[in-house]
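Engineer:
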Amino acid sequence: MKANGKRVISRLEEIYQCGKKEDGTYTRMAFSDEDVKGRKLFASWAETLGMTTRVDAAGNLIARMDGQDNSLPVILMGSHLDTVPDGGKYDGVLGCVGALEVCEIFKKEGYVPKHPLEVIVFTDEEGFRFGKGLTGSSAVCGQDAGISDSDLDIYGEERGKVMQSYGITSEGVKAAVRNPADIHCFLELHVEQGARLYRTKTSVGIVSSIAGVNRYEVTVTGEANHAGSTAMADRKDALVAAAGFINRIPEVTTECGNEFTVATVGTIKVTPHSVNVIPGTCTFSLEIRDTEAHIMSLVEQKLQETLGDICKKYEVSSTFVPTSFHDPAPMSDWVKENIKKAVEELGIDYSIIPSGAFHDSLIMTSVFPTAMIFVPSENGVSHSRYEYTEDKDIENGCNVLLGTILNVDKL
Ligand SMILES: [Zn+2]
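Sequential numbering from 1 applies to the sequence shown in the working numbering.
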């Protein structure tokens, strides 16, 4: 049994076209008309195959194919169809279309798996609209999705109103929780969104774990003063001190981390924010990502020490406040083993790599045996219209997913 790469690629294109907007971009923002159009198209493909479709209480679209023994736990596969603004053709969509392809091949070959199969399209993975994503997977795992009908999106629209397009409410999403005993395992095929596979010319990545993310808010406090009459020697410039610290971050992170450790300052603001006033305070975000919690703590500790030293030098003070923690999320060993077996059977080259980006699998792995299959992204570009994965890599990824499903179905 082999996946039909042409069909998969043409479906990626068809879903992409659903996001065509007047501003010239292709965007399927969660709950938008474009997103709903893409989901309808996806559901129609599943229904043509004779699969039953439903939308759960969290808005996850689920297509199901019966197995030989429907009392067995479900083999779940999928990803998301929503995109970031002006997003690409592959992020999320490949995992949904690839999962459907497995079902299509089974149907065409007259193969009935032992376990029932379900393809899941998760709700609002990206989260840029309300600043909070992974909504559908959180609900399936029984985690608080942290949403409320009164949340406002980036356009000032209320969540309660926009979620009507899925027929769901914030309060209701909890009912989408699944029992761990009902799910055999979860598999997500995805583009890497990084350049490791591409640079090393490797066809497939088996994800070892999804990097954890710790975020902090750092404030440096100096003294606001006149920019004309305060001599350089008399200044307590919060921004100059902050800049000195930020400049040291790459060095400190490289010193105490490994090749996967990253630290980033993504936002910064100063007060009073005036051209003729020396900044009195400078507040910025800091995030640290790694696949190992102890490295994340070490980097945090060294960065705090560095900040302390710099503040002393500039005679300013600082606060370092944690704002959120996500521990690194290892993938399931036995599911990974079955991916490896499939890759080896297919004779495809692979490597075992971590994921720096978040995925629904980050949440899923906390409750269900979960693993991810990566295929290369050209130059590591993603969340962009320039996102590109070669046809042969797409076909390989689908075949690895197919082979893995056949393997886990035997267990
Ligand atoms: Zn994605």
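We treat Cβ as the ideally placed atom computed from N, Cα and C, and that holds for glycine.
Within 9 Å (strictly less), CB to CB, does residue 41 reach chain D?
Structural biologist: Of the chains in the structure shown, none is chain D; there is only one protein chain.
Engineer: Rounded to whole angstroms, how far is the Cβ of residue 400 from the Cβ of residue 389, which I believe are closer than 8 Å?
Structural biologist: That belief does not hold up - the Cβ atoms of residue 400 and residue 389 are roughly 14 Å apart, past 8 Å.
Engineer: Could you tell me which uninterrupted alpha helix (DSSP H) segments, each at least 4 residues in length, are contained entirely in the segment 23 to 62, listed from first to last along the chain?
Structural biologist: As far as the segment 23 to 62 is concerned, its whole alpha helix (DSSP H) runs of at least 4 residues are 33 to 48.
Engineer: Strictly by DSSP, which residues pair up with residue 183?
Structural biologist: 74, per the DSSP bridge assignment.
Engineer: By the 10 Å Cβ neighbour count, where 16 or more other Cβ atoms means buried, how is residue 233 classified, buried or exposed?
Structural biologist: Result: exposed.
Engineer: In the DSSP output, which residue or residues are listed as bridge partners for residue 290?
Structural biologist: According to DSSP, residue 290 bridges with 212.
Engineer: With DSSP run on the structure shown, which of helix, strand or coil describes residue 64?
Structural biologist: In this structure, residue 64 counts as strand in the three-state DSSP scheme.
Engineer: Looking at ligand 1, does it come within less than 8 Å of residue 126, judged from the CB to the closest heavy atom?
Structural biologist: Answer for residue 126: yes, Cβ within range of ligand 1.
Engineer: Can we count residue 377 as close to ligand 1, meaning its CB is less than 8 Å from some heavy atom?
Structural biologist: No, Cβ of residue 377 sits at least 8 Å from all heavy atoms of ligand 1.
Engineer: Measuring only from the beta carbon, is residue 79 closer than 8 Å to any heavy atom that is part of ligand 1?
Structural biologist: Answer for residue 79: yes, Cβ within range of ligand 1.
Engineer: On the three-state DSSP scale, how would you describe residue 168?
Structural biologist: It is coil, neither helix nor strand.
Engineer: Run the CB neighbour count on residue 207, radius 10 Å, all protein chains shown included, and call it buried at 16 or more, exposed below.
Structural biologist: Counting Cβ neighbours within 10 Å, residue 207 comes out buried, since at least 16 surround it.
Engineer: So does residue 91 have its beta carbon nearer than 8 Å to some heavy atom of ligand 1?
Structural biologist: Flag set: Cβ of residue 91 near ligand 1.
Engineer: How would you call residue 33, buried or exposed, if buried means at least 16 neighbouring beta carbons within 10 angstroms?
Structural biologist: The residue in question, residue 33, is exposed, as its Cβ has fewer than 16 Cβ neighbours within 10 Å.
Engineer: Name the two residues that bound the continuous beta strand (DSSP E) containing residue 269.
Structural biologist: Element bounds for residue 269: 268 to 271.
Engineer: State the CB to CB distance for the pair residue 404 and residue 342, rounded to an integer number of angstroms; the pair is presumed to be in contact (CB under 8 Å).
Structural biologist: Residue 404 to residue 342, Cβ: 4 Å. Contact.
Engineer: Got a sec? Which residues, its chain only, sit under 6 Å from residue 214 by beta carbon, not counting five neighbours each side?
Structural biologist: Contacts found: 288, 296 and 325.
Engineer: Given a cut-off of 9 Å on the beta-carbon distance, is the pair residue 120 and residue 140 in contact?
Structural biologist: The answer is yes: Cβ separation under 9 Å.
Engineer: Opposite residue 284 in the DSSP bridges: which residues?
Structural biologist: Beta-bridge pairing links residue 284 to 218 and 268.
Engineer: Please state whether the Cβ-Cβ distance between residue 310 and residue 222 is less than 9 Å.
Structural biologist: Not closer than 9 Å, so no.
Engineer: Based on the DSSP output, what are the partners of residue 188 in its beta bridges?
Structural biologist: Answer is 372.
Engineer: Say yes only if the C-beta of residue 190 is nearer than 8 Å to one or more non-hydrogen atoms of ligand 1, and no if none qualify.
Structural biologist: Checking the Cβ of residue 190 against ligand 1 gives yes.
Engineer: Let me know the secondary structure DSSP gives residue 261 once reduced to three states.
Structural biologist: Of the three classes helix, strand and coil, the one that applies to residue 261 here is coil, per DSSP.
Engineer: Between which two residues does the beta strand (DSSP E) containing residue 323 stretch?
Structural biologist: Here the beta strand (DSSP E) through residue 323 covers 317 to 326.
Engineer: Would you report the Cα separation of residue 282 and residue 247, rounded to the nearest angstrom?
Structural biologist: Roughly 15 Å separates the two Cα atoms.
Engineer: When burial is assigned at 16 or more other CB atoms within 10 Å of the CB, is residue 203 buried or exposed?
Structural biologist: So residue 203 ends up on the buried side.
Engineer: Where does residue 273 land, buried or exposed, given buried means 16+ other C-beta within 10 angstroms?
Structural biologist: Answer is exposed; the Cβ neighbour count stays below 16.
Engineer: For residue 20, which beta-bridge partners are listed by DSSP?
Structural biologist: Paired residues: 26.
Engineer: Under a three-way DSSP split, which group does residue 205 fall into?
Structural biologist: If DSSP states are grouped into helix, strand and coil, residue 205 belongs with the strands.
Engineer: Within 8 Å: the Cβ of residue 227 and any heavy atom of ligand 1?
Structural biologist: No.
Engineer: Pick out whichever of 27, 386, 190 and 393 has its Cα sitting closest to the Cα of residue 86.
Structural biologist: With distances taken between Cα atoms, residue 86 lies closest to 27.
Engineer: Measuring CA to CA, which of 50, 156 and 126 is closest to residue 110?
Structural biologist: Ranking the options by Cα distance to residue 110, first place goes to 50.
Engineer: Which of the three DSSP states is assigned to residue 378 in this structure?
Structural biologist: It is helical.
Engineer: Could you tell me the alpha carbon to alpha carbon distance between residue 74 and residue 177, rounded to whole angstroms?
Structural biologist: Cα-Cα distance, rounded: 14 Å.
Engineer: State whether the segment 117 to 133 contacts the segment 147 to 160, with contact taken as three or more CB pairs (one from each stretch) at a distance under 8 Å.
Structural biologist: Segments in contact, yes.
Engineer: Assuming residue 80 and residue 125 make a contact with CB atoms under 8 Å, what is their CB distance in whole Å?
Structural biologist: Right, the Cβ-Cβ distance comes to about 4 Å (below 8 Å), so this counts as a contact.
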